[in-house]
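Quick note: the sequence shown uses our numbering, first residue 50, plus one each step.
C-beta: ideal position from N, C-alpha, C; glycine also.
Structure first, then comments.
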Amino acid sequence: MNIPGHPEAAFCIPEGQLLLNPNRDSAFPYLYKVDKHPLVTDQTHIQTILVLIVDTSKEARHALYNWESTLKVPLGPDSRMDDLGMFIQQTCR
50 MNIPGHPEAA FCIPEGQLLL NPNRDSAFPY LYKVDKHPLV TDQTHIQTIL
100 VLIVDTSKEA RHALYNWEST LKVPLGPDSR MDDLGMFIQQ TCR
């Protein structure tokens, strides 16, 4: 599944890199890697800052809860799991 980024511009982080897995289910939240964030004042020990974009409305949280209860962890050889876990980094448009 090729997802170009969050469909709503308000949830796009232009200075961040979208971490995208081609096998990602569209119900998973969008994850961005950023160089700095206002809540991180000292980056001495923090090397990576990730921002998770989620809809926090009551309806969306209820739908996510119902969807999460159906998730299962796939089992298989490590090589197969490595292929499924690959990320593609791209900037927001």
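Among residues of its own chain, excluding the 5 on either side of residue i, which ones have a beta-carbon nearer than 7 angstroms to its beta-carbon?
i	result
residue 65	81, 82, 83, 100, 141
residue 78	101, 102, 103
Give me the Cα-Cα distance between residue i and residue j, rounded to the nearest whole angstrom.
i	j	result
residue 119	residue 76	12 angstroms
residue 91	residue 62	21 angstroms
residue 73	residue 113	15 angstroms
Report buried or exposed for residue i, applying the criterion of at least 16 other Cβ atoms within 10 angstroms of its Cβ.
i	result
residue 71	exposed
residue 88	exposed
residue 124	exposed
CB-CB under 8 angstroms to residue i, same chain, minus the five flanking residues each way: which ones, in chain order?
i	result
residue 116	76
In the DSSP assignment, what are the bridge partners of residue i?
i	result
residue 79	102
Can you tell me where the alpha helix (DSSP H) with residue i in it begins and where it stops?
i	result
residue 110	107-117
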